[in-house]
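Residue numbers (this note's numbering), protein chains in the order written: chain A, 3 to 436; chain B, 9 to 576. All residues carry an ideal CB built from backbone N, CA and C; glycine is no exception. Data first, discussion second: the structure below is written as structure tokens.
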């Protein structure tokens, strides 16, 4: 192994999605040195909204106004659910810490309270969520009060139609008007892309021309909604300029993934973990993971790093996600964990993976497959004991949850990362003290 | 050898060499490569040289130039950094050659003046001559070994002048060693010397000396078979000390020629009868004169041009050159390049050259074409295909600059390529991007449909590994991130000239098995290869790499159907 770079750290986080990012952040905040391995590309699919828990039970599609009340209910009925195993006080602390880090990286969220918020989507449905970026929160307020409101879209931006939103909501929100304008400077372009508009709006001239085009349309509207294109890195500045220029609250509506808010979230998380001192290996993946004889450290051989790298870690957090994140891999009959081949809790046979009806409201058994963990968030081996005393698993790879249907993806990632890192710190601290 | 003949030949060779050099150097101010070279006159270029030389020599830059002289010219640092074996071979030839030139060829004007009592048959000169000769032999052997080792699909350019030069060098070495060996072994040479220095050539009278020279100096007498008495040897040694020792070391110092002489011993009677010592001398000397006379026109010329090129390099970076300076520098590159082919081995598009079967993608081949283009010798329209291949080679270059980085002679090849591309465009040979984009994507699709692809099965897998392998793009979920971050799409303000497909649509066509449809698209051809798409792809698809590959495929595929027109 000559020529291979060698590095060591307290905790190696494998994965750079929401859970991996959260785990890395929380680890360094607790004073642990951290190396993070993996690409954050999956975050591009996020909307920028941070769900905690909105739907329970899934089969009844029951929406909850307070995520914490929902968590109580969940704990009573599904004690195996990972979110039910994290104390609410920890969840509150985890979210506070997470949004504080994002704010320091330029992505501000509205203050988190006890209740979920309802926000518009780009197809006119209403989504129940928890953490809302400040650029979007006026929309939740307007929707709550069914205030007079103007939605504006841009000719050529095919993924966003103000008309469609207004039409879909016409019964429930009659005061919703819509207008279409040409995006300044892109008048002759047949097809627009949100990121290009977001970049264009970071220049003062384009921003002012856009505001000037919208201003005469505002009329008696109490708020103005736009597709989420108000800047990339400087979204706060662009948003503030629109509010000042139009004289009413302005809000963004997330567009289809991959969207500008997804890019912002990825950028902010990357900036946050880097500035916290996490050593990122964002193009690397783990080729092999082995434990030393004393079970004190693990060795991770990385690929995708020029010349290769060997990382020695005192603890490992597995945040590799499910199928699209490649933490789990399935062949025609069986689901495996990709790196260590850990046993995956899954339906007994291939026939039991899915219900007959694709849109069955209770979801499919395969969606609840995943790693089972002990009380310290350590994945279990076939004998029901932790695979390694210092291997932890967080996020969507965990079993007994269906985050898409429960609308709890961010909450699952952030809360379990917090709880697992607490255990990591406790165990490594105890060793250090001993 | 007749002194007159020697003198006449020497001066004739020198004159030819000087005239040839004058002519070659004049091309440095005459050859015009690049549009900017066409607007400056030869006299402006000469003036620029003098200005540049003055600026380099009478300022602090002189130290930089001296550094270049020492490190790059004498020690050949750039070659050392690239290929240590070649460097060793080259240095052996270079040092051996210079040493033999000064110590041996120019002995009357150099060694004799500097070293009192110089005799070519005394040590250390006898030994050194063999050493330097052996160095050159080893150097040449390493050179040949290198040639053998580097056999590739496209051999580096080999010009007859290079082979002639190497052949001549080898010939001079061989005749030199043979001549020395013959003189050691030859009784005839012994008698001639004995007559001169002992006053007699009577074999009987010289018997003791002959005995010593047969036993200890390798002379192959055929009449000294019987054992020699010790007192005869003693007498012989006295005679040797009196008349010979001042000029002759034992020939064993000639560690190459002496073993050769021992091998020649059985033939020496024949050689003496045939006057070998005379004709070997003629061959040796006239081969040297031939080398001298033809120096400006063989590879030997690089010994002049390459150091000049390196020193010009050391004098100032290219961006500080005026148009006149750049023009001369490009012309000088034509002479300084020895077609060593190191650039070819580092060329980013070398795999493409193999795929397209077009050596003009490779720097050392391209340089020849650039020179021919400048000299107006570009194949005319009758050889349309050859012209097209030259243009294709020039325009598929990615300007990565590796050739410039590795050139042992320090040529600014990037500048040369840019100028060459401008010349090609001016000569009506547009870049592939131009002829591809002259026709809409759909027109290309029609042409391809009319003339289906006929290729051998292994091609795709070998040369288009990404676009031919579903695994490289099947993970695409059409999320549009590549399109979102693409600056080319963002700046395609005018739909008439903008991109027709977005990157994600190109990926989708690949997924649908419609690769041909992408080949003529503006997206593929306008791609700036900034790699934003590839860096941002959540699925880790090598979008930009695929674009580059599609362009290479397009040159071949669309080139094949280029002449097809829809029947009207």
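Does the Cβ of residue i have 16 or more other Cβ atoms within 10 Å, making it buried, or fewer, making it exposed?
i: residue 16 of chain B; result: exposed
i: residue 555 of chain B; result: buried
i: residue 286 of chain B; result: exposed
i: residue 473 of chain B; result: exposed
i: residue 515 of chain B; result: buried
i: residue 64 of chain A; result: exposed
i: residue 328 of chain B; result: exposed
i: residue 7 of chain A; result: exposed
i: residue 19 of chain B; result: exposed
i: residue 267 of chain B; result: exposed
i: residue 271 of chain B; result: exposed
i: residue 254 of chain B; result: exposed
i: residue 403 of chain B; result: buried
i: residue 206 of chain A; result: exposed
i: residue 34 of chain A; result: buried
i: residue 178 of chain A; result: buried
i: residue 423 of chain B; result: buried
i: residue 14 of chain A; result: buried
i: residue 36 of chain B; result: buried
i: residue 97 of chain A; result: buried
i: residue 513 of chain B; result: buried
Just to confirm my understanding: we take residue i, look at its own chain, exclude 5 residues before and 5 after, and list those with CB closer than 8 Å. What are they?
i: residue 180 of chain B; result: 292, 295, 296, 299
i: residue 436 of chain A; result: For residue 436 of chain A, the predicted structure reports a pLDDT of 35, less than 50, and the residue's modelled location is therefore unreliable. A value from the coordinates is still provided. Excluding sequence neighbours, residue 436 of chain A sits near nothing in its chain.
Below 8 Å between beta carbons: does that hold for residue i and residue j?
i: residue 355 of chain A; j: residue 366 of chain A; result: yes
i: residue 190 of chain B; j: residue 278 of chain B; result: no
i: residue 281 of chain A; j: residue 125 of chain A; result: no
i: residue 370 of chain B; j: residue 76 of chain B; result: no
i: residue 567 of chain B; j: residue 452 of chain B; result: no
i: residue 5 of chain A; j: residue 309 of chain A; result: yes
i: residue 163 of chain A; j: residue 155 of chain A; result: yes
i: residue 322 of chain B; j: residue 80 of chain B; result: yes
i: residue 111 of chain A; j: residue 128 of chain A; result: no
i: residue 40 of chain B; j: residue 382 of chain B; result: yes
i: residue 152 of chain A; j: residue 413 of chain A; result: no
i: residue 405 of chain A; j: residue 411 of chain A; result: yes
i: residue 4 of chain B; j: residue 261 of chain B; result: No statement about residue 4 of chain B is possible, as the shown extent of chain B runs from 9 to 576 and does not include it.
i: residue 208 of chain A; j: residue 187 of chain A; result: yes
i: residue 175 of chain B; j: residue 144 of chain B; result: no
Looking only at its own chain, which residues have a Cβ that is under 7 Å from the Cβ of residue i, when we skip the five neighbours before and after it?
i: residue 270 of chain A; result: 104, 107, 108, 109
i: residue 469 of chain B; result: 476
i: residue 306 of chain B; result: 169, 172, 173
i: residue 75 of chain A; result: 58
Near residue i, which residues of its chain fall below 6 Å by C-beta distance, leaving aside the five closest residues on each side in sequence?
i: residue 398 of chain B; result: 368, 377
i: residue 439 of chain A; result: A query on residue 439 of chain A cannot be resolved here, the shown segment of chain A reaching from 3 to 436 and no further.
i: residue 363 of chain B; result: 471
i: residue 65 of chain B; result: none
i: residue 432 of chain B; result: 399, 402
i: residue 352 of chain A; result: 335
Thinking residue i and residue j are a contact (beta carbons under 8 Å), I'd like their distance in whole angstroms, please.
i: residue 4 of chain B; j: residue 347 of chain B; result: Chain B is shown only over 9 to 576; residue 4 of chain B falls outside these bounds and no answer can be derived.
i: residue 495 of chain B; j: residue 538 of chain B; result: 6 Å
i: residue 379 of chain A; j: residue 293 of chain A; result: 17 Å between Cβ atoms; not a contact.
i: residue 56 of chain A; j: residue 131 of chain A; result: 7 Å
i: residue 345 of chain B; j: residue 417 of chain B; result: 7 Å
i: residue 441 of chain A; j: residue 18 of chain A; result: Residue 441 of chain A lies beyond the stretch modelled for chain A, which goes from 3 to 436, so this question has no answer here.
i: residue 158 of chain A; j: residue 203 of chain A; result: Incorrect: roughly 15 Å between the Cβ atoms, too far for contact.
Examine chain D for any beta-carbon lying closer than 8 Å to the beta-carbon of residue i, and answer yes or no.
i: residue 196 of chain A; result: As a matter of chain content, chain D is missing from the structure shown, whose protein chains are A and B.
Positions along the region 27-46 of chain A whose CB lies within less than 7 Å of some CB in chain B
41, 43, 44, 46
inquiry  = Please identify, using Cβ separations under 7 Å, the residues of the region 365-384 of chain B that lie next to chain A, in order along the chain.
reply    = none
- Selection of the region 250-261 of chain A by Cβ proximity to chain B, strictly under 7 Å: 259, 260
Q. Going along the chain, which residues of the region 522-552 of chain B sit with their C-beta nearer than 8 Å to a C-beta in chain A?
A. 544, 545, 546, 547, 548
Query raised in the report: Of the residues that make up the region 466-490 of chain B, which ones have a beta carbon closer than 7 Å to any beta carbon in chain A?
Result: 487, 488, 489
- request: For the region 111-128 of chain B, enumerate the residues whose C-beta is nearer than 9 Å to any C-beta of chain A, in chain order.
  value: none
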